[in-house]
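Engineer: Line order of the protein sequences matches chains V and D.
Those letters in the first sequence? Residues 1 to 578, per this note's numbering, in order.
Those letters in the second sequence? Residues 1001 to 1463, per this note's numbering, in order.
Cβ atoms here follow ideal geometry from the backbone N, Cα and C, with glycine treated the same way.
It should be emphasised that the depicted structure is a prediction, and the values quoted were computed from it without experimental measurement.
Okay, handing you the structure first.
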Amino acid sequence: MIAPFRRMLVGLAAGLCPVPSLTAQLATPRSVPATYAITNARLVPVSSPAIEKGTIVVRDGLIAAIGANVAIPGDARVIDGSGLTVYPGLIDAFGALGVPAASGQPAGGGGRGGGAAAAGGPAATSARGANSNYPVGLQPEVSVVELLRADDDAFSGPTSVGITTALSGTGNGIFQGQSAIINLAGTDANAMVVKAPVAQHIGFTPLRTGGYPNSLMGVFAALRQQFLDAQHYRDVKAAYERNPRGMTRPERDPSLEALLPALARTQPVVMIASTQREIERALDLAKEFGLRAIIAGGSEAPAVAARLKAENVPVLLSLNFPRRAASASADADPEPLRVLRERAEAPKVAAKLAQAGVKFAFQSGGLSTWTDVTGNAQKAIENGLAADVALRAFTLQSAEILGVSDRLGSLEVGKIANLAVTRGDLLDRGRVTQLFIDGRPVAVRLPTVGANAGAPGLTGTWTVTVSLDGSDYATTWSLRQEGTRLLGSIQGSLGPIEIQNGSIGADNELRFSATITLKEGTEEATFIGTLDGNAVRGRLAIVGHTPGTFAGTRPQRAGAPGGGPPAGNTPRTPPGAR
Amino acid sequence: MNRIFSLATVVTLAAGSLGAQAQPVAAGAGATLIKNATVLTVTKGTLKNADVLIQNGKIAQVGANIAAPAGATVIDATGKYLMPGIIDPHTHMMSDAINEGSLSVTSMVRIQDILNPTAVNIYRALAGGVTSINILHGSANTIGGQNATVKLKWGESVATMMFPGAPPGIKFALGENVTRKNQNQIIVVGQPTPPRRYPISRMGQEQVLQDAFTRARDYKATLDDYKARVAKGEKNLVAPRRDLELEPLVEVMEGKRLVHAHGYRSDEMLMLLNVAEEFGFKIQTLQHGLEGYKIASEIAKHGAGLSSFADSWSYKIEAYDAIPYNVAILMRRGVNTTINSDSDERVRRLNIDAAKLVRYGGLTEDEALATITINGAQQLGVADKVGSIEVGKDADLGLWNNHPLSVYAAVDKTFIEGKVFFDRQQDLVMRDQKAKERAELEKAEASASTRRGVQPVLPQEER
Chain V
1 MIAPFRRMLV GLAAGLCPVP SLTAQLATPR SVPATYAITN ARLVPVSSPA
51 IEKGTIVVRD GLIAAIGANV AIPGDARVID GSGLTVYPGL IDAFGALGVP
101 AASGQPAGGG GRGGGAAAAG GPAATSARGA NSNYPVGLQP EVSVVELLRA
151 DDDAFSGPTS VGITTALSGT GNGIFQGQSA IINLAGTDAN AMVVKAPVAQ
201 HIGFTPLRTG GYPNSLMGVF AALRQQFLDA QHYRDVKAAY ERNPRGMTRP
251 ERDPSLEALL PALARTQPVV MIASTQREIE RALDLAKEFG LRAIIAGGSE
301 APAVAARLKA ENVPVLLSLN FPRRAASASA DADPEPLRVL RERAEAPKVA
351 AKLAQAGVKF AFQSGGLSTW TDVTGNAQKA IENGLAADVA LRAFTLQSAE
401 ILGVSDRLGS LEVGKIANLA VTRGDLLDRG RVTQLFIDGR PVAVRLPTVG
451 ANAGAPGLTG TWTVTVSLDG SDYATTWSLR QEGTRLLGSI QGSLGPIEIQ
501 NGSIGADNEL RFSATITLKE GTEEATFIGT LDGNAVRGRL AIVGHTPGTF
551 AGTRPQRAGA PGGGPPAGNT PRTPPGAR
Chain D
1001 MNRIFSLATV VTLAAGSLGA QAQPVAAGAG ATLIKNATVL TVTKGTLKNA
1051 DVLIQNGKIA QVGANIAAPA GATVIDATGK YLMPGIIDPH THMMSDAINE
1101 GSLSVTSMVR IQDILNPTAV NIYRALAGGV TSINILHGSA NTIGGQNATV
1151 KLKWGESVAT MMFPGAPPGI KFALGENVTR KNQNQIIVVG QPTPPRRYPI
1201 SRMGQEQVLQ DAFTRARDYK ATLDDYKARV AKGEKNLVAP RRDLELEPLV
1251 EVMEGKRLVH AHGYRSDEML MLLNVAEEFG FKIQTLQHGL EGYKIASEIA
1301 KHGAGLSSFA DSWSYKIEAY DAIPYNVAIL MRRGVNTTIN SDSDERVRRL
1351 NIDAAKLVRY GGLTEDEALA TITINGAQQL GVADKVGSIE VGKDADLGLW
1401 NNHPLSVYAA VDKTFIEGKV FFDRQQDLVM RDQKAKERAE LEKAEASAST
1451 RRGVQPVLPQ EER
């Protein structure tokens, strides 16, 4: 019985197609007992020092035993782990894995999407609170478990690099609803759920419907009013429960009801914030309402490190490091120094947080190339982060921050048997040969480098002509898309200026505002358009002006080695441009 | 063209380091003595060959031959001009959003929530001698958001930049912008087209104001009733729902929040003054008010100030009746009048806008300077702290190399509370530092390891 199975796993380890009988094995219902023993392997429990040569026993989905001298149960299927290392499965501390990309919804809040969005396609379901008094995007009662779908295609990317578990949120709206921690295997969405709800999520991107709030300051006012209303709702309800006679029955409000755990600090609130000022604003809001904040993003978190530490706020640090996009056109302004600094700084952030004593965990941050997720963690190590701290930030620390360290995050007896078995160091170019999720082997597909990288979205440098009040303005847009969030700047005739409140919807509709410089002064313009491959076009609205239009292209990005600015052939400048 | 480009870039670069790296240069741990300047006090005339002593962030002494205290930084200002820091009563600088235009009344939104303390325009404004600004919500709706009065302490946090003790304010808006006539209907494929936002006329704007303040009056009654019942000792009361939309309007009616109202035409401004009087509150300033000269006596009688452009005549339909003499006429009729920039670009040369008033309307130099200093301080309710060079006031000062009403004038140093936040010599040094940092970063990036992850995309030749 043992021998043929070993052959199968060896075949799997060698990267061959799984033989049919393994497929049958994988389809076995979870309730069927299964025992495995990985012997002669290097074991990295994370919670305790590594065991250079030992055995780990997995039974009924849990870790049954671990140590240098562990008796192998008679019913165990034995896997020879010589030359292999066993780690706890990595935890992606924030993403939208298992959540199908919803259509017709306000996008927002911070660059989620990742593999699930790319592979899942438009979903039939939309996150909508059934009887809410609030518009979509301000419904904290929405729970991601209602949306989850088992999605082997979407999970093959993260599992190929050793990620077995993820925190998934809807990633849409301002109050984004309640997230769940899921294991990335299974044919049944409910069976994937490790814990739900985990946290309330808040994004600070305005609603895209045009309704209130459609600006960043409106977002803060709406958040503040809804939290105040929840406090009032709580007090009125309590008064009614104390003495209902003679008091009008308070009306049930599912949205306000859903905020009570956050206000009572029994549920943490994940706030999407990357820059220093975004983090400070999030912390201010958390302070105002006594919330247990967790910051997600955190690219400038070192600048706020003292406050994060003092207020005991952990960071779900995005590994979606900024990259140099396609080169600008020949006569474009040089990249701002700030952008250069951002790129140089990104791999150093984790080490700085560790040094400052800020608790952090790694998250994929919407990266669709999963080898980059672990690759960027390795870059953080190369930039001063201790390797064990990095691993911890991907496992046990992640579980601690998310409140599941009693069941996940380390190789300890009684914990869920999520294991990543590798040849070589997991983060440093090691290869995941086997994966166990809930104690069952999961097929590892070899990493498909750049499988999703063919769709850069809006990221890149665009040459855009803006037509307004009878004049054409030649501009260069440097954009970066992080999930549904859009960042960047406008250079040239109307700038230079950073874009604000940028987002892109599932229907490729982009939207942002920018304070542009016209002859008579600065004006706030709202840009709305559509992305079509390497072309964008749309309209812009400015108070006091007739509507304008814009159209632009992104020079093809196929890399030709050699570097240097392109010679000659400056981009066509439209007639009438300054 | 290229030359202009690179010059602009260098200015941007230099600005970076003051904020991000080097803290603003502290002008002496204790005190600073500016010696032998022409001191334009604005409120107390011009003093030639005068000294100004700064201690603890305040103006400690103004006069001739002041002895430098031990350890003080001494600045020889021979041939230079010292004036109060310029105050811009209307700007949208530092804002990560300008309008919450979704509703007709958005008094619940706060500019303070979305300020960007790293906006490079702060540095550029400092280079124009500006030290305090009033950051207003946009003019998309009748009742807009709450303003922020800010000192331009470049490199510091929003919390420390907020002007301490400045009374809160709110933006109102009248006229064309509010009607959204020129606002394109945003049509998104597959989504229903939203209806146009009410109101689309000036009549509607009056009604929005009356409605909002009627609701605020009712809300205040609810609050007062609750307070009275608590005072009477009633038990088990639940406090009324806090309404963030109406709270600021109650504050307006109680005189605790200043109204800054955007408008151009005399009829709409008169309408606003009438509505305010009907509900028993005061309009602090009329913003723009290019037809203010037509109703100067009425504005003076109400007690409102007015903040205008020095020019921008006929730049839009509501500005067709604007005249260059607006500010002078209003001032002569006793209206507190200022010049504002409403622009991240014009804010750098408000001194020139003030100079235009000497040419158009014959204001004295002090009167012209007052429109960008003490008058603005009065409009923002901070005249006890800034706006003139007087002992006891904050040491918010601009040291100019020429008379600030001259086109040849440029700022050497800008002080806020005695600290130097812009220094022309320092700026030149920083340009070199920035260039060096850029070169190093570019070099490091070019040789960075690309063992893992996606290869950076290299430029290719255009076809």
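Do T164(V) and N376(V) come within 8 Å of each other at the CB atom, strictly closer than that value?
Structural biologist: no
Engineer: To the nearest angstrom, how far is it from the Cα of E1268(D) to the Cα of A525(V)?
Structural biologist: One C-alpha to the other measures close to 26 Å.
Engineer: Mind checking who W477(V) pairs with in its DSSP beta bridge?
Structural biologist: According to DSSP, which records beta bridges pairwise, W477(V) is partnered with W462(V), I490(V).
Engineer: Over what stretch of residues does the alpha helix (DSSP H) that includes S160(V) continue unbroken?
Structural biologist: 152-160
Engineer: According to DSSP, is S299(V) part of a helix, a strand, or is it coil?
Structural biologist: coil
Engineer: Quick check on E400(V): does DSSP put it in helix, strand or coil?
Structural biologist: helix
Engineer: Per DSSP, which residues does F436(V) bridge with? Please list them.
Structural biologist: L419(V), P441(V)
Engineer: For a quick check, are the C-beta atoms of I1054(D) and T1038(D) less than 8 Å apart?
Structural biologist: no
Engineer: Compare the C-beta of K1171(D) with all C-beta atoms of chain V and state if any pair is closer than 8 Å.
Structural biologist: no
Engineer: Just tell me which of T187(V), W462(V), G137(V), D92(V) has its CA closest to the CA of D331(V).
Structural biologist: W462(V)
Engineer: Starting from the beta carbon of T35(V), find every residue of chain D whose beta carbon is closer than 7 Å, and list them in chain order.
Structural biologist: The contacting residues do not exist; T35(V) stays about 36 Å from chain D at best.
Engineer: Hey, could you find the ends of the alpha helix (DSSP H) I279(V) is sitting in?
Structural biologist: 276-289
Engineer: Is E1206(D) near the ligand MG, judged by its Cβ being under 7 Å from some heavy atom?
Structural biologist: Among the components modelled here there is no ligand, and therefore nothing to report on the ligand MG.
Engineer: If you follow the beta strand (DSSP E) that I181(V) is part of, which residue opens it and which one closes it?
Structural biologist: 180-183
Engineer: Could you give the residue range of the beta strand (DSSP E) that holds K1035(D)?
Structural biologist: 1031-1040
Engineer: So, does the region 1137-1151 of chain D touch the region 1423-1439 of chain D, judging by three or more C-beta pairs under 8 Å?
Structural biologist: no
Engineer: Are any of the Cβ atoms in chain V nearer than 8 Å to that of D1321(D)?
Structural biologist: D1321(D) does not count as touching chain V.
Engineer: For R149(V), return the contacting residues in chain D, with the cut-off set at a CB-CB distance below 8 Å.
Structural biologist: Residues of chain D whose Cβ lies closer than 8 Å to the Cβ of R149(V) do not exist; the shortest such Cβ separation is about 23 Å.
Engineer: Only counting runs of 4 or more residues, tell me where the alpha helix (DSSP H) segments fall wholly within the region 1113-1183 of chain D, in order along the chain.
Structural biologist: 1120-1127, 1158-1161, 1176-1179
Engineer: Identify which residue in R224(V), L426(V), R407(V) has its Cα closest to the Cα of V161(V).
Structural biologist: L426(V)
Engineer: Output the distance between the C-alpha atoms of G1362(D) and A1328(D), rounded to the nearest integer angstrom.
Structural biologist: 7 Å
Engineer: With respect to the beta strand (DSSP E) encompassing H1262(D), which residues constitute its N-terminal and C-terminal limits?
Structural biologist: 1258-1263
Engineer: Please go through the same chain and pick out, in chain order, the residues whose beta-carbon is closer than 7 Å to the beta-carbon of N214(V), but skip the five residues on each side of it.
Structural biologist: P206, L207
Engineer: Taking only runs that begin and end inside the region 1208-1281 of chain D, name each unbroken beta strand (DSSP E) of 3 or more residues, in chain order.
Structural biologist: 1258-1263
Engineer: Grab me the residues of L1007(D)'s own chain with a C-beta within less than 6 Å of its C-beta, minus the 5 sequence neighbours each way, in chain order.
Structural biologist: Here the model assigns L1007(D) a pLDDT of 41, short of 50, so the residue's position is not dependable, and the following value carries that caveat. So no residue of the chain qualifies.
Engineer: Can you look up I1200(D) in the DSSP assignment and give me helix, strand or coil?
Structural biologist: coil
Engineer: Where does L1203(D) land, buried or exposed, given buried means 16+ other C-beta within 10 angstroms?
Structural biologist: The amino acid at residue 1203(D) is misidentified as Leu; the sequence shows Met. Exposed is the call here.
Engineer: Use the C-beta contact count for P555(V): other C-beta atoms within 10 angstroms, 16 or more gives buried, fewer gives exposed.
Structural biologist: buried
Engineer: For M644(V), return the contacting residues in chain D, with the cut-off set at a CB-CB distance below 7 Å.
Structural biologist: Outside the modelled stretch of chain V, which goes from 1 to 578, sits residue 644(V), for which no answer is possible.
Engineer: Among residues of its own chain, excluding the 5 on either side of R1229(D), which ones have a beta-carbon nearer than 7 Å to its beta-carbon?
Structural biologist: L1237
Engineer: Which partner residues of S405(V) appear in the DSSP bridge assignment?
Structural biologist: Its beta-bridge partners do not exist; DSSP assigns none.
Engineer: Counting contacts by CB-CB distance shorter than 8 Å, is A346(V) in contact with chain D?
Structural biologist: no
Engineer: Taking the straight line between their C-alpha atoms, what separation do you get for I1114(D) and S1095(D)?
Structural biologist: So the two alpha carbons sit approximately 6 Å from each other.
Engineer: What residue from R1346(D), T1371(D), A1140(D) has the CA that sits closest to R1196(D)'s CA?
Structural biologist: A1140(D)
Engineer: According to DSSP, is S255(V) helix, strand or coil?
Structural biologist: helix
Engineer: At a Cβ cut of 9 Å, what residues of the region 1244-1275 of chain D count as close to chain V, listed as they run along the chain?
Structural biologist: Residues of the region 1244-1275 of chain D with a C-beta atom less than 9 Å from some C-beta of chain V are L1244, E1245, listed in chain order.
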